[in-house]
Amino acid sequence: MKNKILGSKWILLLDTLLLALLASYVLAGVNTVPFHGDESTIIWMSADYDTVVLNGDVSAVAYSPPPRRTTEQHLRILNGTLTRWTMGMAWSAVGFHRADLNDQWVWGLDMEWNRANGHMPSDGLLHVTRLSSALFLIFSIALVLKMTRLVASQVFTYPLIATSAGWLSATLYALNPVVLMNGRRAMFEGAMLFGLALAGWVVLRLENRQDSFNSYLLMGVVAGIALTAKHSTGFTIALLFLGLGVMKWMKSNNKSRQVYQLIVKFGLAGMTALIVFLAVTPLWWSDHFLEMPGVVLDERQKLLDEQVTLFGGFNSLGERLEGLWEGTFGVEPQYYEADYWGDYAGVADEIDEYENSYLAGITSPVIVGTRLFLVITGLAAIGFGWRRGQKDMVFVLFMWPIGIA
């Protein structure tokens with residue numbers, strides 16, 4: 000339905016203005032967000048860009064067993080590549096060289112030792128690598144706006160409601176302190192947020208379109224990008240594939256035939272995702288290719304077990320529900336995981352300066368209440384959509400938040 004109150008040109012203009020303001024806000028806080036030791040390690044890992052892209056030495060990063068701990072190879076096993084490549088492109092484009100990179104952060108020693116011994120990046124290097132992550136966050140804001148509007152336009156009769164819903168969701172997302180902190184840092188989260196938002200948007204677009212092999216190729220490319228951002232996105236991607244597959248099956252008049260067609264199409268998407276992932280993950284380009292899935296899963300499980308031992312886990316259903324609530328509606332960022340980090344000189348002052356700069360997002364209870372209200376409204380709208388026969392869209396919508404929770 001056409002918007003009779005605001006024409007498409009006005010909507011585009013207002014979209015552009017809002018996104019420009021939100022992007023400016025994100026970028027304004029890039030230099031002030033508190034530092035995390037993982038930033039040093041990830042910047043150090045971006046040396047792979049010099050090794051592979053600038054010097055063409057793929058063999059230097061290909062897997063060679065065993066996966067020894069604390070080595071470059073071990074970190075390649077545990078982490079995606081998208082952030083490393085984009086960081087490398089960023090510092091190379093502005094004139095930095097491999098010799099300008101810091102060393103890996105040493106967690107067993109304090110911040111002063113790391114700074115004095117070259118394990119902390121220079122201000123210029125930290126700035127440009129943070130920018131590469133912040134740009135991913137900015138793109139994800141635009142995708143959140145588009146996704147919300149796409150869903151709302153199929154649920155609400157009045158186009159202005161869908162238009163406004165996009166503006167509101169993008170604003171709340173961009174002003175979320177947790178999203179801002181993680182997206183601004185030179186870490187994996189900016190690329191991960193972009194990958195998940197891109198995957199969600201593409202699946203929602205495909206939900207209302209005629210099937211074609213090109214559509215599933217596109218979905219595979221997007222899934223591959225998300226996987227290269229962070230391996231944990233694979234669970235969300237699998238649920239999105241499941242949601243879209245069930246939706247297509249529900250719409251079909253010949254369900255038995257549709258099953259075979261979906262197997263072929265999703266097989267194509269899965270193979271495309273794997274090709275994209277492998278194309279930018281030279282770690283897997285070795286004679287041990289078939290071992291790599293097991294190696295990655297095993298090492299990630301070991302890491303998870305270590306983190307639970309160090310930082311604790313959920314011991315009861317109540318704690319799990321509390322964690323779900325905090326993860327969904329909480330707006331207090333976790334600046335560090337290890338308690339001793341807060342004892343380092345300057346850390347508390349850095350956090351205070353950031354939070355008092357008006358660039359850390361909005362932690363007001365009003366925002367939490369607004370988000371809760373929107374969730375309730377969204378669930379009601381989904382229920383309304385179910386009653387109107389839009390069961391396919393409802394199913395896809397449930398898969399995406401379950402996957403990112």
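Residue numbers (numbering that gives the first Met the number 0): 0 to 404.
Backbone N, C-alpha and C fix where the C-beta goes; we use that ideal spot for every residue, glycine too.
Quick caveat, the model's predicted, so the values are computed rather than measured.
| Check | Outcome |
| --- | --- |
| Under a three-way DSSP split, which group does Trp-283 fall into? | helix |
| What would DSSP say about Asn-213, mapped onto helix, strand or coil? | helix |
| Where Val-150 and Lys-8 are concerned, what is the direct C-alpha to C-alpha distance, given to the nearest angstrom? | 21 Å |
| Restricting to Cα atoms, I'd like to know which of Trp-106, Gly-117, Thr-85 and Asn-113 is closest to Ala-98. | Gly-117 |
| Spatial neighbours of Lys-264 within its chain, please: C-beta separation below 6 Å, excluding the five flanking residues on both sides. | Tyr-215 |
| What are the start and end residues of the alpha helix (DSSP H) that includes His-131? | First, the residue type needs correcting, since residue 131 is Ser and not His in the sequence shown. Note, Ser-131: alpha helix (DSSP H), 122 to 154. |
| Rounded to the nearest angstrom, how far is the Cβ of Ser-39 from that of Gln-103, given a contact under 8 Å? | 7 Å |
| In the DSSP assignment, find the alpha helix (DSSP H) that holds Glu-290 and state where it starts and stops. | Note, Glu-290: premise wrong, no alpha helix (DSSP H); not H, not E. |
| Can you give me the C-alpha to C-alpha distance between Tyr-157 and Ala-222, rounded to a whole angstrom? | 33 Å |
| Rounded to whole angstroms, what is the Cα-Cα separation between Lys-254 and Asp-210? | 15 Å |
| Going by alpha carbons, who is nearest to Val-60 out of Gly-293, Thr-280 and Arg-299? | Thr-280 |
| Measuring only the C-alpha atoms, how far is Trp-106 from Tyr-339? | 11 Å |
| Start and end of the alpha helix (DSSP H) containing Met-119? | No alpha helix (DSSP H) contains Met-119, which DSSP labels as neither H nor E. |
| Ile-137 and Val-25 - do their beta-carbons sit closer together than 7 Å? | yes |
| So for Val-178, helix, strand or coil by DSSP? | helix |
| Here's the rule: buried if 16 or more other CB atoms are within 10 angstroms of the residue's CB, otherwise exposed. What is His-230? | buried |
| For Trp-43 versus Asn-101, is the C-beta distance shorter than 7 Å? | yes |
| Would you kindly report the start and end of the unbroken alpha helix (DSSP H) that includes Glu-188? | 188 to 206 |
| Can you give me the C-alpha to C-alpha distance between Gly-360 and Val-275, rounded to a whole angstrom? | 35 Å |
| Identify the continuous alpha helix (DSSP H) that holds Glu-349 and give its terminal residues. | 346 to 354 |
| Roughly how many angstroms lie between the CA atoms of Gln-72 and Gly-242, to the nearest whole one? | 35 Å |
| Could you give the residue range of the alpha helix (DSSP H) that holds His-230? | Here His-230 belongs to no alpha helix (DSSP H), and DSSP marks it neither H nor E. |
| Are the Cβ atoms of Gln-260 and Trp-248 separated by less than 7 Å? | no |
| So the alpha helix (DSSP H) Thr-170 belongs to, where does it begin and stop? | 158 to 173 |
| How long is the line joining the alpha carbons of Leu-5 and Leu-197, rounded to whole angstroms? | 27 Å |
| On the CB-based measure, 16 or more other CB atoms within 10 Å of its CB, does Phe-212 come out buried or exposed? | exposed |
| Rounded to whole angstroms, what's the CA-CA distance from Val-29 to Ile-350? Just pull it up for me. | 13 Å |
| Could you pull out every residue in the same chain whose Cβ sits closer than 7 Å to the Cβ of Gly-233, ignoring the five residues on either side in sequence? | Leu-226 |
| So is Tyr-357 buried or exposed if we call it buried at 16+ other beta carbons inside 10 Å? | exposed |
| Alpha helix (DSSP H) containing Val-60: first to last residue? | It is not in any alpha helix (DSSP H) - Val-60 carries neither H nor E in the DSSP assignment. |
| Rounded to a whole number of angstroms, what is the C-alpha to C-alpha distance between Leu-203 and Met-146? | 7 Å |
| Going by the CB atoms, is the gap between Tyr-48 and Gly-87 shorter than 7 Å? | yes |
| Assuming Met-218 and Ala-278 form a contact by the criterion Cβ under 8 Å, report the distance between their Cβ atoms to the nearest whole angstrom. | The pair is not a contact, with the Cβ atoms about 17 Å apart (cut-off 8 Å). |
| Beta-carbon of Ile-42 versus every beta-carbon of chain C: anything under 7 Å? | Within the model displayed, chain C is absent; a lone protein chain is all it includes. |
| Quick one, which of Ile-262, Ala-228, Pro-65 and Ser-251 has its alpha-carbon nearest Phe-240's? | Ile-262 |
| Given that a residue counts as buried once 16 or more other Cβ atoms are within 10 Å of its Cβ, and exposed if not, what is His-35? | buried |
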